[in-house]
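In our numbering, the protein residues as written are 134 to 395.
For reference, the structure discussed in these notes is given below.
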Amino acid sequence: MTPLAWIVFMSFAGGLLSVLVASGFAFAARPNWVPILISYAIGALLGAAFLEVLPHAIEAAESPERAAMNVLAGILIFFVLEKLVLWRHCHDEGCDGHEHHHHGGGSHDHGRSGLLILVGDTFHNFVDGILIAAAFVESTPLGIVTGLAIIAHEIPQEVGDFLILLHSGYSRAKALAFNLLSSVATLVGGLLAYFALSRVQALVPVFLALAAASMIYVAVADLIPGLHKRTELRATIQQVLLIAAGIASIVFAHPLAERALS
Numbered sequence: 134m135t136p137l138a139w140i141v142f143m144s145f146a147g148g149l150l151s152v153l154v155a156s157g158f159a160f161a162a163r164p165n166w167v168p169i170l171i172s173y174a175i176g177a178l179l180g181a182a183f184l185e186v187l188p189h190a191i192e193a194a195e196s197p198e199r200a201a202m203n204v205l206a207g208i209l210i211f212f213v214l215e216k217l218v219l220w221r222h223c224h225d226e227g228c229d230g231h232e233h234h235h236h237g238g239g240s241h242d243h244g245r246s247g248l249l250i251l252v253g254d255t256f257h258n259f260v261d262g263i264l265i266a267a268a269f270v271e272s273t274p275l276g277i278v279t280g281l282a283i284i285a286h287e288i289p290q291e292v293g294d295f296l297i298l299l300h301s302g303y304s305r306a307k308a309l310a311f312n313l314l315s316s317v318a319t320l321v322g323g324l325l326a327y328f329a330l331s332r333v334q335a336l337v338p339v340f341l342a343l344a345a346a347s348m349i350y351v352a353v354a355d356l357i358p359g360l361h362k363r364t365e366l367r368a369t370i371q372q373v374l375l376i377a378a379g380i381a382s383i384v385f386a387h388p389l390a391e392r393a394l395s
């Protein structure tokens, strides 16, 4: 197989495989477990942002200050994007404010968290495609190892993404469809990188910063406040343990990510 054929195969198969494995795990969870498992999703998001994506965004940027500025800009962008979603929701339903969407203790947020995490995941998948292409241009064995490593470290994050989509009110079919659509960005990134590697690689720090910003924003601004609605000690301990489990899943996959991104 030519390097281009390998890039297409690994980008397509890798994105598809990670999504299907993650969806199988997420779909196995009972519907009433989803609000509880959101704590795991928070840990997976924060672990991926701070242990995997952000360090490489800083390393790839011109300076740590530039990387920090990109992340801050990304957080502001996602804040504005969420505002637009809220305004549209209020316009469609004629609401007087947006606080009522938490009424009655419902877990849905009208798709806001799901939309934001899909945008960030698309950026992340695009960068993964660039990394796969760069590795295959160097050598086929390195490309295969890189592709497999990316699949492995994507799975725990994709599980968290699925749980967030279900928590946001997406059906299982829609959650699967949107995640598969987001995974196409891996193939797009791989193809663009193959034909214009130097130009596309210049954008990697920005895409990594935006991916990290989306993960941090969704976890801290949208998901963590919902955990505070359950103030009893047992619920708090459960939340802390699940957040730690989400972070641990990224930690265990981190050596593979390091190999892929080095």
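Built from N, CA and C at the ideal position, the CB exists for glycine as well.
Here's the rule I'm using: 16 or more other beta-carbon atoms within 10 Å means buried, otherwise exposed. How should glycine 379 be labelled? buried
In whole angstroms, what separates the C-alpha of valine 141 from that of leucine 366? 50 Å
Residues in the same chain with beta-carbon distance under 7 Å from leucine 248, minus the five sequence neighbours each way, listed in chain order, please. Val218
Between serine 315 and glycine 148, what straight-line distance do the alpha-carbon atoms span, to the nearest angstrom? 9 Å
Same chain, Cβ closer than 6 Å to serine 144, five either side skipped, listed in chain order: Gly262, Ile265, Thr319, Leu320, Gly323
Quick check: the Cα distance between alanine 161 and isoleucine 175, rounded to an integer number of angstroms? 19 Å
Minimum length 3: unbroken beta strand (DSSP E) runs contained in the stretch 351 to 384: none
Please check the pair isoleucine 376 and serine 172, which I expect to be a contact at CB under 8 Å, by giving their CB distance rounded to whole angstroms. 5 Å
Could you give the C-beta distance for histidine 286 and glutamate 185, rounded to a whole number, given that I count them as a contact under 8 Å? 7 Å
Assess contact between the stretch 203 to 216 and the stretch 249 to 259, defined as three or more Cβ pairs (one per stretch) separated by less than 8 Å. Is contact present? yes
Threonine 135, DSSP secondary structure in three states: coil
Helix, strand or coil for serine 272? Go by DSSP, reduced to three states. coil
State the CB to CB distance for the pair alanine 159 and valine 292, rounded to an integer number of angstroms; the pair is presumed to be in contact (CB under 8 Å). 6 Å
Using the Cβ count rule (16 or more neighbours within 10 Å means buried), how would you classify threonine 364? exposed
Helix, strand or coil: which one does DSSP assign to serine 156? helix
Please name the residue in Ala201, Ser304, Gly207, Leu330 whose C-alpha comes closest to that of leucine 267. Inspection of the sequence shows that residue 267 is occupied by alanine rather than by leucine. Considering only alpha carbons, the answer is Leu330.
Please classify leucine 178: is it buried, with 16 or more other beta-carbons within 10 angstroms of its beta-carbon, or exposed? buried
For phenylalanine 183, report the span of its alpha helix (DSSP H) as first-last. Careful: phenylalanine 183 lies outside any alpha helix (DSSP H) and carries neither H nor E.
Using the C-alpha atoms, what's the distance from glycine 302 back to alanine 354? 18 Å
Would you mind sorting valine 339 into buried or exposed? The rule is 16 or more other CB atoms within 10 Å of its CB. buried
Once you ignore the five residues that flank phenylalanine 257 on each side, which residues in its own chain have a CB closer than 6 Å to its CB? Inspection of the sequence shows that residue 257 is occupied by histidine rather than by phenylalanine. Contacts found: Ala344.
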